[in-house]
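Read left to right, the sequence shown gives residues 1 to 445 (UniProt numbering). We put the CB at the ideal spot given by N, CA and C, even for glycine. Have a look at the structure below before the remarks.
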Amino acid sequence: MKQAIIIFTRAPMPGRTKTRMMPCLTPKQCETLHICFLKDIGKECEKCRADRFICHTPDGDRPKNHLEKILGKQKEYFPQRGEHLGERMFRALEEVFEKGYEKCVLIGTDVPELRSRDLRKAFEVLNTQDVVFGKTYDGGYYLVGMKKPCREVFEIDQYGHESVLEDTIKTLSRSGITVGYTKKHWDMDTPWDLKEYRKRLRANKVLKQTETGRYAAGIAPISIIIPIYNEEKGIVKFQEQLKELRGKCEILFVDGGSTDHTLDFIEPGYSVIHSEKGRGKQMNAGAKASSGDILFFLHCDSQLPPKPLAEIRRVMRDYQAGCFGIAFHSPNVFMFTCRVISNHRIKDRKIMFGDQGIFVDRDLFFEAGMFPEIPIMEDYQFSLTLKEKRVKLGMAGKRIYTSDRRFPKGTIPKLRLMWTMNRLRTMYRNGVPAERISEMYRDIR
């Protein structure tokens, strides 16, 4: 039986494709994302026993030439014809049926999770039904198939609303046309759709290997949130490592009321917001003011590893939260021991601390209640909350180097402080108020 698949699309061009993703994505990113959709959908279509056609928006030879580079020259390309969307889809199907096909399925290109089995199921449904649809969760459809041109499918007045499929089904029912369905999918039109796709990506090994999966994970927007307070001694040097990140992510300094010249030394172009003093309060204020899907909380005495954004995105492709882990420049054997124990604690006890560079999915951060606004242990409590929620933690392959300024000089004093910090965490778990622990922490420093 002769079967055909029509890929119904526009040619990916900056500023003319996936425009609802802007301004969260640049026009070039929108173009690349659409190209990824086409490549993934094209690969799935090739797995089916059906001839493939590409019906593209009319604009001379330019769309065809562009699409041929993406989908190959072996397929047949022809332009869309008609005044409105319904008419263009009908005429595309009509043109292919005129070539002698007995079953024809038309698909859009907003559903990169489409699989060949969905297409095969659509053709199977047509053995018993007049028309087949692939539903989308927003009330529309990504696929329509039939055994002969059926104008009734395309007679609704408007497209692009949440009852498109419902209205279409009512029209077909009145005409006595039978309908079946293949798998329901999410389409990807908006930044919210893309964010939700990344969540599904974490749990789906197949998606991770797709063009769309790799690209979507690689452009996840990151907000770096940096709490500061009286950092004039190190703020200039700290900003040097941020220069190569500017324009690639959002960077927010959150000042807790510095009384020195910290704010004077922050270079123009950075976002600075103000908050009550307290690391938890400051980081929460930064999170609320941020826009990224991934929140990265960075201490001002930290030294980033090379390509930190790529490291974060690599981990966040698989996990909802994670960190870099910690290292110290100090050659002291007990500082090395502190590094090993602290990093092992991430894997063994599922606990991470702020100086390890915590990053977390934005939605999860707010679902977890943000950082508790307590004078100390805010990072520890946040980790405990994630642990209670059974959130698995990822760890970057490279470490953040952090100042050992909180540690006293000398081996024995360092060892004593490590032991005391462990005791303070035990006290916190046993219910000792954070305010009391904060007083003790100031005493030991």
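Check                                                                                                              : Outcome
Local conformation of ILE374 per DSSP, three classes                                                               : coil
Coil, strand or helix - GLY134 by DSSP                                                                             : strand
Reduced DSSP category for ASP293 - H, G, I as helix; E, B as strand; rest coil                                     : coil
Three-way DSSP call (helix, strand, coil) for CYS104 in this model                                                 : strand
Span of the alpha helix (DSSP H) around GLU68                                                                      : 62-71
According to DSSP, residues forming a beta bridge with PRO14                                                       : DSSP lists no partner for PRO14.
Those residues which DSSP pairs with GLN3 across a bridge                                                          : LYS103
Residue range of the unbroken beta strand (DSSP E) whose run includes ARG52                                        : 51-56
Residue interval of the beta strand (DSSP E) (run including ASP260)                                                : Looking at the DSSP string, ASP260 is not in any beta strand (DSSP E), and its letter there is neither H nor E.
Contact belief for TYR319 with ARG436 at Cβ below 8 Å, rounded distance in angstroms                               : Incorrect: roughly 34 Å between the Cβ atoms, too far for contact.
Nonlocal neighbours in the same chain, by C-beta distance under 6 Å from ALA50, ignoring five residues either side : GLN3, ALA4 and ILE5
C-beta contact flag for THR171 and GLU155 at 7 Å                                                                   : yes
For ILE444, three-class secondary structure by DSSP                                                                : Caution is warranted here: a pLDDT of 42 is assigned to ILE444, below 50, making its placement in the model unreliable, and the coordinate value is therefore given only provisionally. ILE444 falls in the helix class under three-state DSSP.
Residue closest to ARG91, alpha-carbon to alpha-carbon, out of TYR77, PRO149 and THR212                            : PRO149
Beta carbon of PHE359 nearer than 7 Å to that of GLY322                                                            : yes
Classification of ALA434 by the beta-carbon crowding that lies within 10 angstroms, buried from 16 upward          : buried
Counted within 10 angstroms of its Cβ, other Cβ atoms place VAL131 as buried (16 or more) or exposed               : buried
Reduced DSSP category for residue 466 - H, G, I as helix; E, B as strand; rest coil                                : The structure shown does not extend to residue 466, since the chain is modelled only from 1 through 445, so no value can be given for it.
Straight-line Cα distance separating ILE351 from PRO268                                                            : 36 Å
Supposed contact pair PHE265 and GLU240 - C-beta distance, whole angstroms, cut 8 Å                                : Actually they are not in contact, since the Cβ atoms of GLU240 and PHE265 sit about 12 Å apart, beyond 8 Å.
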